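Participant: I have a structure here, written as structure tokens, and I will follow up with some questions on it.
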Amino acid sequence: MASPISLLVAYPKELIRAGLRAMLEKTGIKIVGEAGDASSTLTLAKKHKPAVVLLDAAIPGGDAFELARTLSKPLPATKFVFVTEIDNPTYMARARAVGAANFLLMGFSQRELVTAIEGAAAGKPVSGSGPFAKIAASMEPRDARAARDSGLTPR
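Residue numbers (numbering that gives the first Met the number 0): 0 to 154.
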């Protein structure tokens with residue numbers, strides 16, 4: 000059996016964190032820490048070096064998107080999956096701009112959560128037809144898009 004995926008849960012509401020814990024029981028995902036604000040998230044991420052951080056897009060005490068950017072420097076292997084109650088395309092675009100692997104709106108199923116975390120840990124590109132997948136595709140780096148669409152082969 001493969002080693003479990005280490006996960007830091009950063010969400011301010013204890014009830015939501017408890018629900019996430021319950022959803023992730025008996026999966027290949029191990030919660031290594033829980034944080035309720037930006038400062039705790041920063042501290043715990045540096046301490047545990049998780050494979051994935053499940054991060055509330057509206058985490059108290061700081062800007063979640065800048066927090067992800069800040070953590071990406073000392074923890075380049077850590078991936079980010081944003082979760083939020085707010086259906087906001089600007090949040091999705093900002094998450095993608097800082098390299099988020101996925102973005103989930105509250106109401107997701109256990110399967111969607113596990114798939115997002117596993118995909119992030121494996122470095123898989125965003126897939127599907129949801130709003131985040133569309134935004135991620137539209138934000139593909141211009142050079143990569145040009146090379147793909149040009150019909151030319153690399154030299």
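All C-beta atoms in this analysis are idealised placements derived from N, C-alpha and C, irrespective of residue type, glycine included. Quick caveat: nothing in here was measured; it's all calculated off a predicted structure.
Counting only runs of 4+ residues fully inside the stretch 30-99, write out the alpha helix (DSSP H) ranges in chain order.
Facilitator: Counting whole runs of 4 or more residues, the stretch 30-99 contains the alpha helix (DSSP H) stretches 37-47, 63-71, 88-96.
Participant: Can you list, in chain order, the residues of its chain with a C-beta nearer than 6 Å to that of ALA56? Leave out the 5 residues immediately preceding and following it.
Facilitator: Hits under 6 Å: ALA63, PHE81, THR83, TYR90.
Participant: Which residues in the same chain as ALA9 place their Cβ atom closer than 7 Å to its Cβ, once the five residues preceding and following it in sequence are excluded?
Facilitator: Closer than 7 Å at the Cβ level, and outside the excluded window around ALA9, lie ALA34, THR40, VAL52, LEU53, LEU54, ASP55, ILE58.
Participant: Determine the burial state of THR42: buried for a count of at least 16 other Cβ atoms within 10 Å of its Cβ, exposed for fewer.
Facilitator: THR42 comes out exposed.
Participant: Beta-carbon of GLU111 versus every beta-carbon of chain C: anything under 8 Å?
Facilitator: This model lacks chain C altogether; it includes just one protein chain.
Participant: Cα separation between LEU14 and ALA136?
Facilitator: Going by the C-alpha atoms only, they are around 33 Å apart.
Participant: How big is the Cα-Cα spacing for GLY129 and PRO73?
Facilitator: Distance between the alpha carbons of GLY129 and PRO73 is about 31 Å.
Participant: According to the neighbour-count rule (16 or more other Cβ atoms, all chains shown, within 10 Å of its Cβ), is ARG16 buried or exposed?
Facilitator: When all chains shown are included, ARG16 counts as buried.
Participant: Out of PRO11, ILE28, SER2, ALA1, state which residue places its alpha-carbon closest to the alpha-carbon of ILE116.
Facilitator: Closest by alpha carbon: ILE28.
Participant: Quick check on DSSP: helix, strand or coil for PHE107?
Facilitator: Looking at PHE107 - three-state DSSP - the assignment turns out to be coil, as it is neither helix nor strand.
Participant: Just the C-alpha distance for THR69 and LYS48, rounded to the nearest angstrom, thanks.
Facilitator: For THR69 and LYS48, the distance between alpha carbons rounds to 13 Å.
Participant: Taking Cβ to Cβ, would you say VAL31 is nearer than 8 Å to LEU6?
Facilitator: For VAL31 and LEU6, yes; Cβs fall inside 8 Å.
Participant: If we count the other Cβ atoms within 10 Å of its Cβ and call it buried at 16 or more, is LYS78 buried or exposed?
Facilitator: Answer is buried; the Cβ neighbour count reaches 16.
Participant: Assuming ALA96 and GLY61 make a contact with CB atoms under 8 Å, what is their CB distance in whole Å?
Facilitator: ALA96 to GLY61, Cβ: 17 Å. No contact.
Participant: Taking the C-alpha atoms as reference points, what is the distance between SER126 and ILE85?
Facilitator: When rounded, the distance between both Cα atoms is 21 Å.
Participant: Which residue wins for smallest C-alpha separation from GLY118, given the options GLY106, LYS133, PHE102?
Facilitator: Out of GLY106, LYS133, PHE102, PHE102 has the C-alpha closest to the C-alpha of GLY118.
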